[in-house]
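In what follows, a single structure is set out as structure tokens and then discussed.
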Amino acid sequence: MRPTFVRNFAAGLFGVSLCILPLSPATAQTPPAEVSEASLTLSREVLENLRYFDLMLIGMRNGFEGNDDYRGLSETEQKRFFALAVEEMEIRRVAIIDVMAKGNINRLTAEEWEQAAQFSRIKYVQDLVLAGVNPSGPRPDPATMTPSESALFSRLVPQPFIARLFSKEQIEPAESLVLEAGNAALARFQAQ
Numbered sequence: 012m013r014p015t016f017v018r019n020f021a022a023g024l025f026g027v028s029l030c031i032l033p034l035s036p037a038t039a040q041t042p043p044a045e046v047s048e049a050s051l052t053l054s055r056e057v058l059e060n061l062r063y064f065d066l067m068l069i070g071m072r073n074g075f076e077g078n079d080d081y082r083g084l085s086e087t088e089q090k091r092f093f094a095l096a097v098e099e100m101e102i103r104r105v106a107i108i109d110v111m112a113k114g115n116i117n118r119l120t121a122e123e124w125e126q127a128a129q130f131s132r133i134k135y136v137q138d139l140v141l142a143g144v145n146p147s148g149p150r151p152d153p154a155t156m157t158p159s160e161s162a163l164f165s166r167l168v169p170q171p172f173i174a175r176l177f178s179k180e181q182i183e184p185a186e187s188l189v190l191e192a193g194n195a196a197l198a199r200f201q202a203q
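Okay, so the sequence shown: first residue is 12 according to the working numbering, each after it adds one.
Next up, the structure:
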């Protein structure tokens, strides 16, 4: 495989999720926020609840499938390389979540992080994210939420800070770790 493969790997990872949308000027404003351990904990919780790491793995799979070098491998080699890439990403899971949480901490205020954590605990929202749908736009399906979840969803979804949760900036702080995982997977693959 050519060296560009790992760059394509990272590019696919960062550009594939349907729910990660570019920021509009109205939502691109970074609110002033004091970094607190509580906000950092909530930032991690939001990332974990919304399964951003899993979205990155989905993006990785899609990025591979769109790469000529990867498609040129046999099916067995594709499976082996993908397994190695997932292993390398899993080794870095905690660090990836941590760097994303720290990299995004100033994007919301402490109060917004608390509300974002509540929003991210709604299973309907989690399901939308994994399906590649930006939950800051759709109407809630009352059959899948409790009345209190539906009320919380309806109250929070129009808030500008909710749209900020679903921007590509959310995962960009992890790019170097993702490239590191890709390079390690490629080295292991080529050594076998």
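For glycine and all other residues, C-beta sits at the position ideal for the given N, C-alpha and C.
By Cβ distance, which residues of its chain are closer than 7 Å to residue 26, with the 5 residues on each side in sequence left out? If you number the sequence shown from 1, residue 26 lands on position 15. Reliability fails at residue 26, whose pLDDT of 47 lies under 50, so the model's placement of it is uncertain and the value that follows must be treated cautiously. Closer than 7 Å at the Cβ level, and outside the excluded window around residue 26, lies no residue.
Entirely within the segment 123-188 and at least 4 residues each: give me those alpha helix (DSSP H) ranges in chain order. 134-141, 158-167, 171-176
So, using beta-carbon positions, are residue 153 and residue 159 closer together than 8 Å? Walking along the sequence shown from the start, residue 153 turns up at place 142. Walking along the sequence shown from the start, residue 159 turns up at place 148. No; because the gap between Cβ atoms is not below 8 Å, this pair is not in contact.
Are residue 172 and residue 119 closer than 8 Å when you measure CB to CB? Indexing the sequence shown from 1 puts residue 172 at position 161. Indexing the sequence shown from 1 puts residue 119 at position 108. Taking a C-beta distance under 8 Å as the contact criterion, residue 172 and residue 119 qualify as a contact pair.
Let me make sure I understand the geometry here. Which of 57, 70, 137 has the alpha-carbon closest to that of residue 109? Taking the sequence shown and counting its residues from 1, the one referred to as residue 109 is at position 98. Measuring from the Cα of residue 109, the nearest candidate turns out to be 57.
For the 8 Å Cβ check, are there 3 or more pairs between the segment 94-110 and the segment 181-193? Taking 8 Å as the limit for Cβ pairs, the verdict is that the segment 181-193 does touch the segment 94-110.
According to the neighbour-count rule (16 or more other Cβ atoms, all chains shown, within 10 Å of its Cβ), is residue 50 buried or exposed? Position 39 of the sequence shown, counted from the start, is the residue given in the question as residue 50. Result: buried.
Please classify residue 169 as buried or exposed, where buried requires at least 16 other C-beta atoms within 10 Å of its C-beta. Mapped onto the sequence shown, residue 169 falls at position 158. Looking at its Cβ environment, which holds fewer than 16 other Cβ atoms inside 10 Å, residue 169 is exposed.
Which residue wins for smallest C-alpha separation from residue 52, given the options 62, 124, 67? For the purposes of this step, residue 52 is taken as the residue at position 41 of the sequence shown. Checked all of 62, 124, 67; the closest Cα to residue 52 is 124.
Rounded to whole angstroms, what's the CA-CA distance from residue 83 to residue 151? Just pull it up for me. The count along the sequence shown starts at 1 and reaches residue 83 at position 72. The count along the sequence shown starts at 1 and reaches residue 151 at position 140. Spanning the two alpha carbons is a distance of roughly 43 Å.
Give me the Cβ distance between residue 137 and residue 73, rounded to the nearest whole Å; I'm assuming they're in contact under 8 Å. Translated into positions along the sequence shown, residue 137 becomes position 126. Translated into positions along the sequence shown, residue 73 becomes position 62. Not really, about 20 Å apart at Cβ, beyond 8 Å.
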